[in-house]
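Working notes, structure below.
Protein chains in written order, with the working numbering: chain A, 1 to 216; chain B, 217 to 546.
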């Protein structure tokens, strides 16, 4: 059991703030997946805590159509989908510190409200090309949820943006590919690298300047 | 070695109630910092019905990354996250405005003893009084390679980054409680841990010293770390024996720097009197050298850096600000 009795009330109270239904689209497989089973159990504990949450379980091997639709490339994977797919992804199990990010993602996908500052929302309107944010984390990192949640907020705010939480210890080859030796580490469009958690304003500035400086 | 997920449990961030801050208001009190001192000050300010604002990077401060706490009264044992969460809940029951996550970059005294703060997110707020509870942060070693290899093998948060060093050889620099805790965290995943301390002994609590006695831990006591080396990531550290000046190179893929803390007092430089460690000098009522500005917790020159002391001083500072405002009038 992940969500202990004494926390159930608190999680419920958070989820009560949901306005529209949210579908948790989960990708898993039976074998060769370290935490697929545990992540499914976590989601099965979470879903009953709100009448607005539903769970859809997809087999990563068998359900190619869905895998392609959501562009899933590793498992366990979770899409938090509201009225539309905002681009919120979790690769690896969001327990430990990241459970908060999962609850926050449900709220955002439900309300469609990113909660970003008005000036950040304005600045993000300048984006004109797709932006993919990867945030590498570990489950024992107290600074990481700030980076994950900020990236997810940006994804909710602008439909050109997708935001992935990636639990580094669960995907060693991916972590090695991106040279993840400290977390949180954020990789934007495979090129811009941010070590550590940035405040909102600074993060938005880095995103915007990465796009404008790339323009021909 | 996979993590035991069940032990990890789940964690809900201590959120506090996020009342929207108002830059047009002249606050009674601005509290800088969200650790035990700042959070306690916030609860007291709320109960005095102060128009108060808390500016913080997070709620919990250093407590957030303290794993086990056994000396906070009322709890024989509690984790840092749980205690922060309980503090957060108490703040939620006693809400004030919150500007978070953000950090204060500038503090200015204006005519009429009005205080203006500017934040990293370029917000400005004014108040009639201030409680500074901005705490401390990790100190850096200041050797070649340290900055260059940040995120490439140099790490400051062992609980965060230990899982990324599974099966690797690592060094921990330091000899106090945080260094020994890092050794403990790393022993769970790493191959070999080299503990390098500039002092000839370990300063940490006996309990932690005992836990660090492990065949996989090699001690280098009285050795100074002078350089961190590698090509595109850490490959070795250079250490020198303080007594006989012998120099050695230790092959490691990670370096965890755990040599204590320094105060977050930059914004107070030139405004308040600081001591030689850049801590804010306070009297026993948490008053600083400027009337109307109070300080509490680890950022001050109070000797005991303890959660319970910081929390107590946070209460004192908030109450001192309250009586200051009452006597100030208007």
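No residue lacks a Cβ here, since even glycine has one placed at the ideal position from N, Cα and C.
_Cβ neighbours of residue 266 of chain B in the same chain (closer than 6 angstroms, five flanking residues each side left out)_ = 244 and 245
*Could you spell out where the beta strand (DSSP E) holding residue 146 of chain A opens and where it closes?*
Not the beta strand (DSSP E): residue 146 of chain A falls in the alpha helix (DSSP H), residues 144-157.
*Give the range of the beta strand (DSSP E) segment to which residue 298 of chain B is assigned.*
Run containing residue 298 of chain B: none in the beta strand (DSSP E); it sits in the alpha helix (DSSP H), 296-309.
*Leaving out five residues on either side along the sequence, give the residues of the same chain with a beta carbon under 8 angstroms from the beta carbon of residue 536 of chain B.*
501, 502, 503 and 510
*For residue 82 of chain A versus residue 110 of chain A, is the C-beta spacing smaller than 8 angstroms?*
Less than 8 angstroms separates the beta-carbon of residue 82 of chain A from that of residue 110 of chain A.
_For chain B, check one thing: does any of its Cβ atoms lie closer than 8 angstroms to the Cβ of residue 92 of chain A?_
no
_Cβ shell of residue 317 of chain B (< 8 angstroms), same chain only, five flanking positions each side left out_ = 272, 273 and 274
*Would you kindly work out how many angstroms separate the C-alpha atoms of residue 420 of chain B and residue 395 of chain B, rounded to a whole number?*
8 angstroms
*What did DSSP end up calling residue 540 of chain B once you bin it into helix, strand or coil?*
helix
*Excluding the 5 residues preceding and the 5 following residue 103 of chain A in the sequence, name in chain order all residues of the same chain whose CB lies nearer than 6 angstroms to its CB.*
14
_Strictly under 8 angstroms for the Cβ-Cβ distance: is residue 86 of chain A near chain B by that measure?_
No - not a single Cβ of chain B is within 8 angstroms of the one on residue 86 of chain A.
_Quick check: what's the CA-CA separation for residue 10 of chain A versus residue 389 of chain B?_
40 angstroms
*Starting from residue 377 of chain B, trace the beta strand (DSSP E) both ways and give me its first and last residue.*
First-last for residue 377 of chain B: 374-377, but that is the alpha helix (DSSP H), not the beta strand (DSSP E).
*Taking the alpha carbon of residue 451 of chain B as the point to measure from, which residue in B:400, B:524, B:385 and B:473 has its own alpha carbon closest?*
Taking only the C-alpha atoms, the option nearest residue 451 of chain B is B:385.
*Closer than 8 angstroms by beta-carbon distance: list the chain A residues that pair up with residue 338 of chain B, in chain order.*
Per Cβ cutoff of 8 angstroms: 201.
*Just the chain A side, please: which residues come within less than 8 angstroms of residue 449 of chain B by C-beta, in chain order?*
179 and 181
*asked:* Between residue 385 of chain B and chain A, is the shortest Cβ-Cβ distance under 8 angstroms, so that the two count as touching?
replied: no
*Can you give the beta carbon distance from residue 114 of chain A to residue 153 of chain A, rounded, assuming they're within the 8 angstroms contact cut?*
4 angstroms
*asked:* Tell me the DSSP secondary structure of residue 336 of chain B in three-state form.
replied: coil
*Hey, how far is the Cα of residue 132 of chain A from the Cα of residue 167 of chain A?*
16 angstroms
*In three-state DSSP terms, what is residue 1 of chain A?*
coil
_Selected residue, minimal CA-CA separation from residue 128 of chain A, among A:210, A:55 and A:191_ = A:210
*Using three-state DSSP, classify residue 526 of chain B as helix, strand or coil.*
helix
*Closest by C-alpha distance to residue 493 of chain B, when choosing among B:516, B:247 and B:423*: B:516
*Buried or exposed: which applies to residue 241 of chain B, given that a residue is buried once 16 or more other Cβ atoms fall within 10 Å of its Cβ?*
exposed
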